[in-house]
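First up is the structure itself, then whatever we jot down about it.
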Amino acid sequence: MNRIIITKLILQGTAYKRTLRFKDGLNIISGDKTSGKSLVLSLIDYCLGKSKKIDLNVQKQLDKYCDQIFLEIQVNKETVTLNRLLKQKQGKISIYYCGFNDLEGYTPKTVELKEVLHFLMRKLNINEYKLIKHKKHSTKQELEKISFRDIFRYSYIHQHELGTHDFLENKSTFKRYKNPYAFELMFNLVEADKDHLQEQLVKVRNEIEDTNKEITGLKSYLKDKDAEDFNELSSKATRFKNEIEQRKLEKKSIIENSKANSNNENKMYIRLKKDLTEIANQIFDLQKQKNELQNSVRAKRLLIEEYNLEKEEINATLEVNYKLAISEQNIECPLCNSTVANQIQEITKDSVTPEKTLLKIKKEINNKINLVNNLISGDNKDIEDIDIKIEKLEKKQEILNRAITEFAKSTDVPFLSQLDSINSIINKLTKNQEIVKECIRIHRKIDEKCKLIDDLNKEVKRLEKDIAALKVSRDVRKQIFNFLNTEYKGFMKRLKYDINNETYVDSESYIPYHEGASVYEHESGGLLECMQLSYLAAILSSKKEGYAVGHPGFLMLDTLSKYLGTIQVESIEQAEIKEEERINDPEVYEEIYKILIELSNKYQIIIVDNTPPEKVSGYTNYTFFSGEKGLINININEFKEED
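At position 188 of the sequence shown (counting the first as 1) the number is 188 in full-length UniProt numbering, and the numbers step up by one without a gap.
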């Protein structure tokens, strides 16, 4: 069963860090108003690709102490960490194929928001669906995707949606019309176009081929570096780390001894040594950049060779097609020698299609070759710039070396030779360690590519299955809605509502009804909340039965007690809610939590509530207070704890 589990949310700034941990099951966040409890869900939403930025003019504490957010999730038992900045480049998210604690050893993939949504859909093995719609202020049409964000509306219910007519963001015209299609996508009710599916299938298979080529290139690089054994590299990295630490301790001891012996080193000499060290580090960094660019150029040239081979094969095929022109031949009757009408012309008309396809593919290959050549030119230009910088630094290094030689002749520095020796060893070990780390990162990049191929192969199987069974059978559709209605009615009955034939999930609009009126027609906030929760619970239950396969498999509900009259009125917003809209029965409130606890045996549920019932106190992960003891609490700072 494909589903997402939130494991960690990390808020981090230059001097502040706080980690919130979540378990698989029911998680409750309680606390005062304006304590930041709803912000937790907003930040999770933000890391999962929400286009709207976090308003830091409102979230002043977050603005003051935090620059970025990390979200560690599990998707089908694979751990992934998403990283998004708060103050700049908010339109990009970095994807790490590892847990938060292992980030140092991995290279992130930084992508646009739409690519993150595609990544999540692929991980959940859900096909993105395209709609035809009219462009804004135009009669022209365009394609729009039903993406992860549309499905996610069935997972995250904001406090201003729960118990209101804005359920599933119904008040937004641009989102409301996509909800039925998102529902169909979740329940695999979309009757896709065969040509579109085949086009996707070709695209996915080509991506598998390209990824395999990338893996081959990376493995070739590791072979050249004699770094194919990951365990050996890991052992080397640990050995280098331990040896560097040991040398640093020796250096510290020498410096302390030098101070005890009042060793006064010439200030100018020290400054020269410092400048030389900085120059050496700069040259090392530039050489590293140059090596990376050279490796990139080599990989791109290999790619061009592959493209040229493909082009040669296409040219050969086209040449054969041009020479074999049967439609132009005259046919004579063997009995009377008269010319017979050539009926083969009609048959061969279709042969134009593969010819056009080959020409189109050839054009695409030429475009790819031009693109890669341009990239190589850019890399070579960067290499030239780096060479110029290195040359300038080496000249400066030569001048400083001559100067320091003169100073050393007349400077009494008894501990300098030892420090120089240790610094030289540390620098050499650090360089070797960095080379090993880079090879380890490449090994992990290969693992990442292999996982991508696994995901792509799953997508191929799903697309092949969809092509084989394009038409959704009426029996399957009937089974889905029979199950949904049974579950929906059952949950409504548990919340003390009378059920009859007018309480159901509509099979056309896909929205819940009670007593013949939809969730967008009833006025009572308490009733609306119960209808919405019963509907979401029914969808989640159907995932377990193999129906709602496209649902992300977790729920986030914000301010569950908003329409529950059993709690103390804590805000102006709650005070404005009419008494008749509230649920005043404490048994109903507790029954809601019983339902959520039952669902949490199979799925993760995160609840934000002001004062949850005492019976569920064991599920409360965090309690926030207004002021300094809220979500941003400077007394809970992991950077200070690490120091």
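Ideal placement from N, C-alpha and C gives every residue a C-beta, glycine not left out. Please read these numbers as outputs of a predicted model, since none were measured by experiment.
| request: Could you round the C-beta distance between residue 94 and residue 109 to whole angstroms and report it? I think they count as a contact, below 8 Å. | output: 7 Å
| message | Within a Cβ cutoff of 7 Å, which residues of the same chain sit near residue 412, ignoring the five residues on either side of it in sequence? | response | Caution applies to residue 412, whose pLDDT of 48 falls short of 50 and renders its modelled position unreliable; the value that the coordinates give is listed next. Excluding positions up to five away in sequence, the list is empty.
| Excluding sequence positions up to five away, which residues of its chain have a Cβ less than 8 Å from the Cβ of residue 437? | 105, 237
| For the beta strand (DSSP E) that residue 74 lies in, which residues bound it at each end? | 68-75
| query | Cα separation between residue 243 and residue 282? | reply | 23 Å
| query | By the 10 Å Cβ neighbour count, where 16 or more other Cβ atoms means buried, how is residue 586 classified, buried or exposed? | reply | exposed
| request: Output the distance between the C-alpha atoms of residue 34 and residue 562, rounded to the nearest integer angstrom. | output: 15 Å
| query | Do you know how far the Cα of residue 434 is from the Cα of residue 464? | reply | 45 Å
| query | First and last residue of the beta strand (DSSP E) that includes residue 514? | reply | 512-514
| message | So, does the stretch 596-615 touch the stretch 78-95, judging by three or more C-beta pairs under 8 Å? | response | no
| At what residues does the alpha helix (DSSP H) containing residue 521 begin and finish? | First-last for residue 521: undefined, no H or E at that position.
| query | Exposed or buried, what is residue 632 when buried is set at 16 or more other beta-carbons lying within 10 Å of its beta-carbon? | reply | buried
| field | CB contact flag (residue 71, residue 556, <8 Å) | value | no
| query | Does the stretch 540-560 come close enough to the stretch 473-490 to have 3 or more Cβ pairs within less than 8 Å? | reply | yes
| Between the Cα of residue 459 and the Cα atoms of 112, 125, 522, which residue gives the shortest distance? | 125
| C-alpha gap between residue 173 and residue 520, whole angstroms | 14 Å
| task | Count the other C-beta atoms from every protein chain shown that fall within 10 angstroms of the C-beta of residue 177, then say buried if there are 16 or more, exposed otherwise. | result | exposed
| said: On the DSSP letters alone, give me the boundaries of the beta strand (DSSP E) that residue 604 sits inside. | reply: 604-608
| query | Does the beta-carbon of residue 516 have 16 or more other beta-carbons within 10 angstroms, so that it is buried, or is it exposed? | reply | exposed
| task | Output the distance between the C-alpha atoms of residue 278 and residue 96, rounded to the nearest integer angstrom. | result | 31 Å
| query | Does the beta carbon of residue 110 sit closer than 8 Å to a beta carbon anywhere in chain D? | reply | The displayed structure is made up of one protein chain only, and chain D is not part of it.
| field | Where residue 153 sits in the DSSP three-state scheme | value | coil
| field | DSSP state of residue 620 mapped onto helix, strand, coil | value | strand
| message | Which residues does DSSP list as the beta-bridge partners of residue 6? | response | 73
| Where do the ends of the beta strand (DSSP E) carrying residue 112 lie? | 109-112
| message | Considering Cα atoms alone, identify which of 490, 371, 11, 303 is closest to residue 214. | response | 303
| query | Roughly how many whole angstroms lie between the Cα atoms of residue 432 and residue 615? | reply | 58 Å
| query | Which of the three DSSP states, helix, strand or coil, is assigned to residue 569? | reply | Only weak support exists for where residue 569 lies, its pLDDT of 42 falling under 50; the coordinates are left without a value.
| message | I'd like the span of the alpha helix (DSSP H) that includes residue 485, first residue to last. | response | 474-494
| DSSP-derived helix/strand/coil call for residue 31 | strand
| message | Could you check if residue 19 belongs to the surroundings of the ligand FAD, using beta carbon to heavy atom distance under 7 Å? | response | Annotation note on the ligand FAD: not contained in the displayed structure, which lists no ligands.
| field | Where residue 253 falls: helix, strand or coil (DSSP) | value | helix
| query | Just to confirm, are residue 147 and residue 611 a CB contact at a threshold of 8 Å? | reply | no
| query | Can you name, in chain order, every residue of its own chain whose Cβ lies under 7 Å from the Cβ of residue 299, other than the five neighbours on each side? | reply | 217
| said: Along the chain, where does the alpha helix (DSSP H) containing residue 79 start, and where does it finish? | reply: Counting along the chain, residue 79 falls outside any alpha helix (DSSP H), though it belongs to the beta strand (DSSP E) covering 78-85.
| Which word fits residue 639, buried or exposed, when buried means at least 16 other C-beta atoms lie within 10 angstroms of its C-beta? | exposed
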